[in-house]
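Below: one structure, written as structure tokens.
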Amino acid sequence: MAAPIELDRPLITPDEIEARVAELSGQINKDYARTGRAVSIVVVLKGAAFFAVDLMKHLDLPTKMDFLQAHSYSGIESTGEVTLIKDVSMPLAGTDVLIVEDIVDTGLTASWLLRHLSGHHPATCKLVTLLDKPSRRIYPVTIDYTGFSIPDEFVLGYGLDYEEGYRNLPAIYTARPVGE
Ligand code: 5GP
7 MAAPIELDRP LITPDEIEAR VAELSGQINK DYARTGRAVS IVVVLKGAAF
57 FAVDLMKHLD LPTKMDFLQA HSYSGIESTG EVTLIKDVSM PLAGTDVLIV
107 EDIVDTGLTA SWLLRHLSGH HPATCKLVTL LDKPSRRIYP VTIDYTGFSI
157 PDEFVLGYGL DYEEGYRNLP AIYTARPVGE
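Mapping the sequence shown onto the working numbering, position 116 (from 1) lands on 122, and the numbers just tick up by one.
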């Protein structure tokens, strides 16, 4: 059974998330306005699902949507290994791919995904992440759009989980093991 955790006060409130998502989508609308191509939104499951849906609702661009799920084995004994659980099924060649991530931590997953999807020969391949923990970076990665830079704390809510729970919380919370 998962160790119990307790939530702190919200680190990022639903209003702050909503306002930042609107700003990010405004920037994306501007940047892709003149391509004349549909943007291929690739949502990284499961954590980015809430963010991707809210972001897409603000886009006034032609879009297509696909999902990808990867598992990373990082941590002390990191092998730098990423396993693909579900790959995209939509053709991406010649399209503008925008990868939607929940959080970039060591950068292992995001840098791997950028390499993997670039192998599909898109016209462009960019990354938007809701959260970034820059102090944790090990694997360099270029992030094109960042929602919030946050300190090195474990966070959950708004799609991010702890042992598959808490994704439904509308705010983003920091959390710690009970008693710490
Ligand atoms: P990275 O490959 O950059 O080290 O880790 C990326 C993945 O680790 C994220 O997509 C996410 O699944 C998980 N992750 C990293 N930090 C956190 C966190 O604070 N909270 C949650 N819920 N997941 C995290």
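Beta carbons: idealized from backbone N, C-alpha and C, even for Gly.
Quick one, are the C-beta atoms of residue i and residue j less than 7 angstroms apart?
| i | j | result |
| --- | --- | --- |
| Thr180 | Asp102 | no |
| Leu104 | Lys70 | no |
| Val88 | Thr115 | yes |
| Ala58 | Val49 | yes |
| His64 | Ser31 | yes |
| Val94 | Asp72 | yes |
| Asp158 | Arg142 | yes |
Is residue i near the ligand 5GP, going by C-beta to nearest heavy atom under 6 angstroms?
| i | result |
| --- | --- |
| Ser31 | no |
| Ser78 | yes |
| Gly86 | no |
| Thr115 | yes |
| Thr148 | no |
| Asp60 | no |
| Phe56 | no |
Return the Cβ separation of residue i and residue j in integer angstroms, given the expectation that the two are a contact with Cβ distance under 8 angstroms.
| i | j | result |
| --- | --- | --- |
| Pro16 | Ala177 | 4 angstroms |
| Asp137 | Val161 | What sits at residue 137 in the sequence shown is Leu, not Asp. Yes, Leu137 and Val161 are in contact; Cβ-Cβ is about 7 angstroms, under 8 angstroms. |
| Gly163 | Arg26 | With 8 angstroms as the limit, Gly163 and Arg26 do not qualify as a contact, their Cβ atoms being about 15 angstroms apart. |
What residues in its chain sit with their C-beta under 6 angstroms from that of residue i, if we drop five residues either side in the sequence?
| i | result |
| --- | --- |
| Leu201 | Absent from the model: residue 201. The displayed extent of the chain is 7 to 186, so no value can be given. |
| Leu166 | Gly53 and Asp108 |
| Ala8 | Glu169 |
| Trp118 | Val88 |
Can you determine whether any heavy atom of the ligand GTP sits closer than 6 angstroms to the C-beta of residue i, and answer yes or no?
| i | result |
| --- | --- |
| Val48 | As presented, the structure is devoid of the ligand GTP, carrying the ligand 5GP as its sole ligands. |
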